[in-house]
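Here is the structure we will look at, set down as structure tokens.
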Amino acid sequence: MKSSTRGVTRLVCAGLLAVLMIACVASPTGARSVSLKFYYPVQVAGPLAKVIEGMVTSFNREHPDIRVEAVYSGSYNETMQKAQTAVMSKNPPDVAVLLAIDILTLVGMDAVVPLDSYIARDKGYIDDFYPGFMENSQWGGHVWSIPFQRSTPLMYYNKDAFREAGLDPNKPPKTWDELLAYSQRLTKRDAAGNVTRWGLSIVTDDTWIIQAFILQNGGQYCNLEGTKTYFDTPESIGALQFWVDLANKYQVMPRHRFYGDAAADFVAGKNVIMLNSTGSLSFVRNSATFDFGVAPLPRHKQEAVPTGGGNFYVFKGLPKEREEAAWTFIKWMTSPERVAEWSIASGYIPVRRSAFDVPAMKEYVQRFPEALVARDQLQVAKREMALNNNQQIRETLLTALAQALDGKLSAEEALKRAQAEADRILRPWNR
Amino acid sequence: MRIGLQPKRTNILVHLILLPAAFAIAAPFFWILTTAFKDRTEVFSAIPRWLPGHLVLSNFAEAWAMVPFGAYYWNTVVVCFGLLAVQLVTVTLAAYAFARMKFRGNDTLFLMFLMQLMIAPQSIFVPNYLTISSLGLLDTRLAIMAPYFASAFGVFLMRQAFKSMPSELEEAALIDGCSGLQFLWRIAVPLARPSMLAFSLVSITHHWNEFFWPLLVTDTSRARTLTIGIGLFAQSAEGGAEWTLLMAATLIAVGPLIVLFLLFQRHFINSFVQSGLKG
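Residue numbers (the numbering used here), protein chains in the order written: chain A, 511 to 941; chain B, 239 to 517.
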């Protein structure tokens, strides 16, 4: 009995060690003249990884001298951390899709190269991109990144619920006042006064859509250099106050929602009007069982939205031929055909005008005219908040939003504290 | 005494507590199972439905096609069990030294060793990455395992097990001509089996579930593990997760583990009872 147990233990140990040894044998890599490593995040839907990999495969087929290896790297945050860690160990990827607003962090750590000399080779190329998307790609007189998966906030609304409430399904709210009035009419409560359906849902657990409201209220959140925030101005405070009123005074929207929850609520009919990313468009189209519409965000003092999303960056310290190949890859991925393909698959806005001349895009827009709303809204799109130490300041602003929405502090007090904190964080850049 | 006299009533009482608890634990698994077979529009109905309207099998095909599950499975198994094999050796030897050998600074050294438990693994990801990178191990399974070869938790657990063995046992073995290592291998290790099993379970679950470290050090299906495959479905923040695909992928990833657990359940529970350690 005992000896058999021992035999089994030995056998298991030996087996495990054998497994470990197999694991230690590194597998060889095939090589072509230039190999590129490309980090990409998947932000809108898992199946899109397949689309990216398909595009990379086509690129490799068309370019026998270059081999791009697509590496899925988690969310934007995780991709950024992976890239930063790799840069620190002097082993950077060649190309990566990272947030456009991470530009100051990447330039600050000397991780990426300016792309001006490549852009200068082909004058028509960069002018074809929408200016709203280029704003966050430039800093200090250089272009550091090329727009790829870009979005703006968008208003989604449930047309069936509009009809049921006696509202015209082709007239979504156009101003803040209308937004409030519609939301009040669309919010349903049970006998005890508990909300059973929200009239409105805004992504409040991120710092992106509040930027739209600050802009619409005639305000601004930061300076061009990314060294100063304007959180405690009357315009910024007014924007947050409007949110607090919607959530607490009129109780027509939930205090807290993130992108995915809001979209899931929307397709389940648990809210009627939703302010969310254009990145939700494909998800909503594939999941909603009712008639829905999309529209530009309502205006107040002016019409405005921030842009968002990810750009291509090229990393520093690559041998010349790899940097060249990286540029070839980026140019190919942002060719009108690829931009159209990517937009149709993902719901992101095509980043350049000529993508709308691609037959597949024309056909798509005809079938699904909602895709044009986001493009048209681009005329009023502004640069997104991009600061030195952006991540930390976003956390600070996020805390202020939660404090105000939860009623722990007034909108004014919360934003004044956030401003003081941001001033402290940015002090090294203001000396 | 009274409990012994009224077995029936106690039974009912125990079941009244256990049934809801069992339901609370089983419900999420049931939800994974049914969601994996639902149509994607069904997931978002305002009134949750327990059972799918009609069985949708395409979720599995779609999830399977998106991720090289075969390779990821093999990698995960190699990482978890290979790591465990190394850990069992290092942990047993270190624990034996700390528990049974007298040398200067024994206790201080052990305390310092325990401090490893206080350091969050995330906080040393960057230096670990630099080490792995300079060893040329990036994108290998060994890179995922290497930082965990020594486990303070395992040493602590095994040291307790060795300490609780009466010293007469070792003295008797020595008189019979057993060397230290022989005593360890033939007597102490078999007696400490429940603790080893407990540690093995903790180690395997922890590394089976690990996400960020493997994501950081691997790039291709040569070394990537199951969690990264699942991450592809779970982390679509802007669009709302693909629940049906995510649940199908989850089922593919955890299904074999659940079956394995059910098969060896009695064995696991027995050894926990022996070691006096609860899950």
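All C-beta atoms in this analysis are idealised placements derived from N, C-alpha and C, irrespective of residue type, glycine included. Computed from a prediction, not measured in an experiment: that's the story for all the values here.
Return the CA-CA distance between Tyr823 of chain A and Ile263 of chain B, expressed in angstroms with no decimal places.
46 Å
Once you ignore the five residues that flank Ala541 of chain A on each side, which residues in its own chain have a CB closer than 7 Å to its CB?
For Ala541 of chain A, the predicted model reports a pLDDT of 47, less than 50, meaning its position is unreliable; a value from the coordinates is still stated below. Annotation for Ala541 of chain A: no residue places its beta carbon closer than 7 Å to its own, counting only its chain and skipping 5 residues before and after.
DSSP state of His292 of chain B, grouped into three classes?
The answer is coil: DSSP assigns His292 of chain B none of H, G, I, E or B.
Okay, do the stretch 854-863 of chain A and the stretch 636-644 of chain A touch, 3+ Cβ pairs below 8 Å being the bar?
yes
Closest to Val762 of chain A by C-alpha separation, out of A:Val705, A:Tyr635 and A:Asp716, would be which residue?
A:Val705
Classify Trp718 of chain A: buried if its beta carbon has 16 or more other beta carbons within 10 angstroms, exposed otherwise.
buried
List the whole-angstrom C-beta distance separating Phe363 of chain B from Leu464 of chain B, where the pair is believed to meet the contact cut-off of C-beta under 8 Å.
In fact, because the Cβ distance is near 20 Å, the residues do not count as touching under 8 Å.
Cα-Cα separation, Gln593 of chain A to Ala606 of chain A:
Residue identity check: residue 593 of chain A is Ala in the sequence provided, not Gln. Answer to the nearest angstrom: the Cα atoms are 8 Å apart.
Specify whether the stretch 655-672 of chain A and the stretch 840-860 of chain A touch according to this definition: at least 3 beta carbon pairs, one from each stretch, less than 8 Å apart.
yes
Can you name the start and end residues of the alpha helix (DSSP H) that Pro641 of chain A belongs to?
Pro641 to Met644
So, helix, strand or coil for Asn668 of chain A, using DSSP?
strand
Buried or exposed by the 16-neighbour rule on C-beta atoms within 10 Å, applied to Ala299 of chain B
For Ala299 of chain B, the number of other beta carbons within 10 angstroms of its own is below 16, and it is reported as exposed.
Candidates A:Ser787, A:Ser545 and A:Trp649: which alpha carbon is nearest Ile482 of chain A's?
Shown here, chain A extends from 511 to 941; a query on residue 482 of chain A therefore has no answer.
Check the Cβ of Met403 of chain B against every Cβ in chain A and list those closer than 9 Å, keeping chain order.
Result: empty, since nearest Cβ-Cβ is about 17 Å, beyond 9 Å.
Assuming Thr697 of chain A contacts Trp686 of chain A (C-beta within less than 8 Å), just tell me the rounded distance between them.
16 Å between Cβ atoms; not a contact.
Runs of beta strand (DSSP E) wholly within the stretch 764-844 of chain A (minimum 3 residues, chain order):
781-787, 802-805 and 818-824
Cβ separation of Arg379 of chain B and Val327 of chain B, assumed to be a contact under 8 Å, to the nearest whole Å
Their Cβ separation, rounded to whole angstroms, is 18 Å, which puts Arg379 of chain B and Val327 of chain B out of contact at 8 Å.
Ordered along the chain, which non-local residues of its own chain (more than five positions away) have a Cβ less than 6 Å from that of Thr539 of chain A?
In this predicted model, Thr539 of chain A has a pLDDT of only 43, less than 50, meaning its place in the structure is not dependable; the value taken from the coordinates is given anyway. The same chain holds no residue with a CB closer than 6 Å to that of Thr539 of chain A once the five nearest residues on each side in sequence are set aside.
Under 8 Å by Cβ, that's how I've got Ile548 of chain B and Ala411 of chain B pegged, so tell me the actual separation to the nearest angstrom.
Chain B is shown only over 239 to 517; residue 548 of chain B falls outside these bounds and no answer can be derived.
State yes or no: is the beta carbon of Ser537 of chain A nearer than 8 Å to at least one beta carbon in chain B?
At Ser537 of chain A, the pLDDT of 37 sits below 50, so the modelled position is not reliable and the matter cannot be decided from this model.
For Val617 of chain A and Trp649 of chain A, believed in contact at Cβ under 8 Å, the rounded distance:
6 Å
Could you check which residue in A:Thr739, A:Ser920 and A:Ser856 has the C-alpha nearest to that of Arg937 of chain A?
A:Thr739
Give the range of the beta strand (DSSP E) segment to which Gln659 of chain A is assigned.
Ile656 to Ser661
What does a CB cutoff of less than 7 Å around Ile747 of chain A pick up in its chain, not counting 5 residues either side in sequence?
Only Ala921, Glu922 and Leu925 meet the Cβ criterion.
For Trp718 of chain A, the three-state DSSP class (helix, strand or coil)
coil
If you measure from the beta carbon of Phe450 of chain B to each beta carbon in chain A, is any gap under 8 Å?
At least one chain A Cβ lies under 8 Å of Phe450 of chain B.
Start and end residues, beta strand (DSSP E) containing Ala384 of chain B
Counting along the chain, Ala384 of chain B falls outside any beta strand (DSSP E), and DSSP gives it neither H nor E.
Name the chain B residues whose beta carbon is nearer than 8 Å to that of Pro557 of chain A?
Glu300, Met304, Glu480 and Leu483
Host alpha helix (DSSP H) of Glu695 of chain A (start-end):
Checking the sequence, you will find Arg at residue 695 of chain A rather than Glu. Unbroken alpha helix (DSSP H) run through Arg695 of chain A: Trp686 to Leu696.
Taking the beta carbon of Thr488 of chain B as the centre, do at least 16 other beta carbons fall within 10 Å, making it buried, or is it exposed?
buried
Separation of Gly320 of chain B from Trp837 of chain A, as counted between CA atoms:
Their backbone Cα atoms lie some 41 Å apart in a straight line.
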